[in-house]
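>
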Amino acid sequence: MQLHHLASLLHLSDPTLPVGGYSHSAGLETYVQQRLVKDVASAEQYIRQMLQVNIRYNDAAFASLAYDAATADDITTLLLLDETAEALKAPREIRQASQKLCLRLIKIFSRQQDLPLLTAYHQTIRNGNAAGHYAIAFGAYAAAWQIPKEAALYAFYYNATVGIVTNCVKLIPLGQLDGQDMLFRLQPALQQLALATLQPDPDRLGLCSPAFDIRCMQHERLYSRLYMS
Amino acid sequence: MDTQICLIGNSRRTATDQMISELKLTTALRGITSYMADVFFTPPFKIANVSASRNSECLHLILMSASPGMLDGDHYRMYIHTGPGTSLKLQTQAYQRLYTMQQGASQHMEIQMDNGSTLHFIPHPLVPQKQAHYTAVNRINLTENCRLYWGEIVTCGRKLNGEIFHFTRLHIRTEIRYRQKLVLLDNLLLEPAIMDLSAVGCLEGYTHQGTFLLFDTHTGTDLPALADNIYNILESSAGITAGISLTAGPGIVVRLLAQGAELLYDQMQQIAALTQQHITQQTS
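So this is what it looks like as structure tokens:
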């Protein structure tokens, strides 16, 4: 990988990028309040499941397909992916989180460069004809900057994992080192997932994880909340 | 019992062991009464009209089947067209059993809802028995002033016989479009051999899963208020873990987990009935 790829990829997937990811728990807050996730073992189980049954078939698959659409400069497919992602995200908070992250991601990078496909996507979102989803913008940027796809997908999973680990450390709470140990242990899984997501199976795009959905929906009505989702 | 089922099955097989069964149904309006303007079906389907009277506004049909369930190679194709201003409540007769299969069975349902029509379809739970292999696709097109009550319940198999997730594969895809745009996509795939269904995020130890959808494209319907009402029903029901949210389109989604089919079926019927009442209150 050439250095400029690495520079773009690190910037795109930086967990501290000010897109607001830190304010979303994607249902984890419900799990912690209900004591379903309460220690290192249950947290790691939660993270592995979230990655393998949810993110793999949903956001990471969309990032992968958006990467391909952007490589082919195909706005029609990109918008179709956007419509599909919007229809799949049944829990309202999850849908809105993804939309907010998308707009902020575009806001950060559209100031630097005019990338025609991303500009068109942004314009369509502003016109109200697309919802705008983070994974799709992520995939499109990675393609526009010619970041190798596998690396981009690894970074996508890594970014998601850091977010969940950080939330686990804060919410449960766990020790900082517990979180870092988990991240280290998860490396092989992330690598496998990145490979497995290179060509997502259309049949499995957007597979539903009923309980994850339910906990996200229950989050809307939690008595006290620290997170927006 | 099982031998008999096989005999019935074999007797109606074609050479290729495929059996395509069709149902086509169109409703129309006469005055304020909805009626079956067009109906066509092939075995094992049958339709029974159980409307309260000839003049009742809502057409109430029971979809019956001469078969005890779906057998290997069964493919159901259903087309339902609710005409402008019509109201249809389509009910099933019994639990839908999916028997042991090699190649699999499928159901394809296309629903076109015209302006001002209402459809209520909450079928009995699906019971995928040992080695069942089933794919279902539901495509629903909504236009203006439509109201859709939709339910789906999936069980683990014949639980009381100890048959818990012994089926091969169950894949149900539901697509709802409004003004030609996809507004809800639900893609449920259960493959017990390769998935840990009891794990966190999946079914978390529950054996039964249900999804209830309410879509309403009338401009005056207060969906958030309806969602609050449904939430109150869910909160007071024991033995069910559920979540409710507003979908991307004009709809409400409820996901439910429980240990029994009857509980989910009753709960869903209750949600639909109370929602119907609340909508009537909102619009009157």
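If you're matching them up, the sequences are chains A and B in order.
Sequential numbering from 1238 applies to the first sequence in the working numbering.
Sequential numbering from 840 applies to the second sequence in the working numbering.
Just so it is clear, CB atoms sit at the ideal spot from N, CA and C, and this is done for glycine as well.
Keep in mind it's a predicted model, so treat the numbers as computed, not measured.
#1: Sorted by chain position, which residues of the same chain lie with C-beta nearer than 8 Å to Gln1289 of chain A's C-beta, five sequence neighbours on each side aside?
#2: What is the DSSP secondary structure of Ala1298 of chain A, reduced to helix, strand or coil?
#3: Within 10 Å of its beta-carbon, does Asp1276 of chain A have 16 or more other beta-carbons around it, so buried, or fewer, so exposed?
#4: State the Cα-Cα distance for the pair Ser850 of chain B and Gly996 of chain B, rounded to the nearest angstrom.
#5: Given Thr1403 of chain A, which residues of its chain have a CB within under 8 Å of its CB, disregarding the five upstream and five downstream residues?
#6: Looking at the structure shown, is Ser1250 of chain A part of a helix, part of a strand, or coil, going by DSSP?
#7: Considering only the beta carbon of each residue, do Ile1079 of chain B and Ile1069 of chain B sit closer than 8 Å?
#8: In the DSSP output, what is Val1399 of chain A paired with across the bridge?
#9: Just grab the DSSP bridge partners of Trp989 of chain B for me.
#10: Could you tell me the alpha carbon to alpha carbon distance between Asp1311 of chain A and Ala1300 of chain A, rounded to whole angstroms?
#11: On a Cα-Cα basis, can you pick out the residue from A:Cys1405, A:Tyr1395, A:Cys1445, A:Ile1409 that is closest to Phe1421 of chain A?
#12: Compile a chain-ordered list of the residues in the stretch 1434-1452 of chain A whose CB is closer than 8 Å to at least one CB of chain B.
#13: If you measure between the beta carbons of Gly1049 of chain B and Ser1446 of chain A, is that distance less than 8 Å?
#14: Across the stretch 1102-1115 of chain B and the stretch 987-1003 of chain B, are there enough close Cβ pairs to call them in contact, namely three or more that are closer than 8 Å?
#15: Going by the DSSP bridge assignment, what does Asn977 of chain B pair with across the sheet?
#16: Give the interface partners of Val1022 of chain B over in chain A, defined as CB-CB distance under 7 Å, in chain order.
#17: Would Asp1025 of chain B count as contacting chain A if we go by Cβ distances under 8 Å?
#18: For Met1034 of chain B, which three-state DSSP category applies?
#19: Find out if the Cβ-Cβ distance for the pair Leu958 of chain B, Thr1013 of chain B is shorter than 8 Å.
#20: Looking at the C-beta of Glu1457 of chain A, does it have a partner C-beta in chain B at a distance below 8 Å?
#21: Leaving out five residues before and five after Trp1382 of chain A in sequence, what residues of the same chain have Cβ atoms less than 6 Å from its Cβ?
#22: Cβ atoms of Leu862 of chain B and Leu900 of chain B: under 8 Å apart, would you say?
#23: Using only the alpha-carbon positions, how far apart do Ser1037 of chain B and Val1269 of chain A sit?
#24: Give me the chain A residues within the contact set of Leu862 of chain B, using Cβ-Cβ distance strictly less than 9 Å, ordered along the chain.
#25: At the 8 Å Cβ level, is Gln1048 of chain B part of the contact set with chain A, yes or no?
#26: So with CB distances below 9 Å, who are the chain B contacts of Gln1286 of chain A?
#27: Below 7 Å on C-beta distance, what does Leu1009 of chain B contact in chain A?
#28: Are there 16 or more other CB atoms within 10 angstroms of the CB of Lys885 of chain B, so buried, or fewer, so exposed?
#29: Can you give me the start and stop residues for the beta strand (DSSP E) that Met1419 of chain A sits inside?
#30: What does Ser1084 of chain B reach in chain A if we use C-beta pairs closer than 7 Å?
#31: Name the two residues that bound the continuous beta strand (DSSP E) containing Tyr918 of chain B.
#32: Taking only three categories from DSSP, how would you classify Val1269 of chain A?
#33: Please report the Cβ distance between Phe1449 of chain A and Ala1297 of chain A, rounded to the nearest whole angstrom; I am assuming they are in contact, meaning their Cβ atoms lie under 8 Å.
#34: Is Leu1052 of chain B near Gly1088 of chain B, with beta carbons less than 8 Å apart?
#35: So is Thr1119 of chain B buried or exposed if we call it buried at 16+ other beta carbons inside 10 Å?
#36: Tell me Arg1285 of chain A's beta-bridge partners as DSSP assigns them.
In short, the structure shows the following:
#1: Excluding its 5 nearest sequence neighbours in each direction, Gln1289 of chain A has C-beta neighbours in its own chain below 8 Å: Ala1426, Leu1430, listed in chain order.
#2: helix
#3: Answer is exposed; the Cβ neighbour count stays below 16.
#4: In this prediction, Ser850 of chain B has a pLDDT of 42, which is less than 50 and means its spatial position is unreliable; nothing more can be read from the coordinates.
#5: Pro1252, Tyr1259, Gly1416
#6: coil
#7: no
#8: For Val1399 of chain A, which the question treats as bridged, DSSP gives no partner whatsoever.
#9: B:Phe960, B:Leu1052
#10: 14 Å
#11: Distance from the Cα of Phe1421 of chain A is smallest, within the candidate group A:Cys1405, A:Tyr1395, A:Cys1445, A:Ile1409, for A:Tyr1395.
#12: Asp1440, Arg1441, Leu1442, Gly1443, Leu1444, Cys1445, Ser1446, Pro1447, Ala1448, Phe1449, Asp1450, Ile1451, Arg1452
#13: no
#14: yes
#15: B:Met948, B:Thr1013
#16: In chain order: Ala1324.
#17: yes
#18: coil
#19: no
#20: yes
#21: Ser1245
#22: Their beta carbons are not under 8 Å apart, which means Leu900 of chain B does not touch Leu862 of chain B by this criterion.
#23: 18 Å
#24: What Leu862 of chain B touches in chain A: nothing, since even the nearest Cβ is about 25 Å away.
#25: yes
#26: Asp1035, Ala1038, Val1039, Gly1040, Cys1041
#27: The contacting residues do not exist; Leu1009 of chain B stays about 12 Å from chain A at best.
#28: exposed
#29: Counting along the chain, Met1419 of chain A falls outside any beta strand (DSSP E), though it belongs to the alpha helix (DSSP H) covering 1413-1433.
#30: Here the neighbours are Ala1327, Pro1328, Arg1329, Met1454, Glu1457.
#31: 913-921
#32: helix
#33: The Cβ separation is near 15 Å, so there is no contact.
#34: no
#35: exposed
#36: Answer is none; Arg1285 of chain A lacks a bridge partner.
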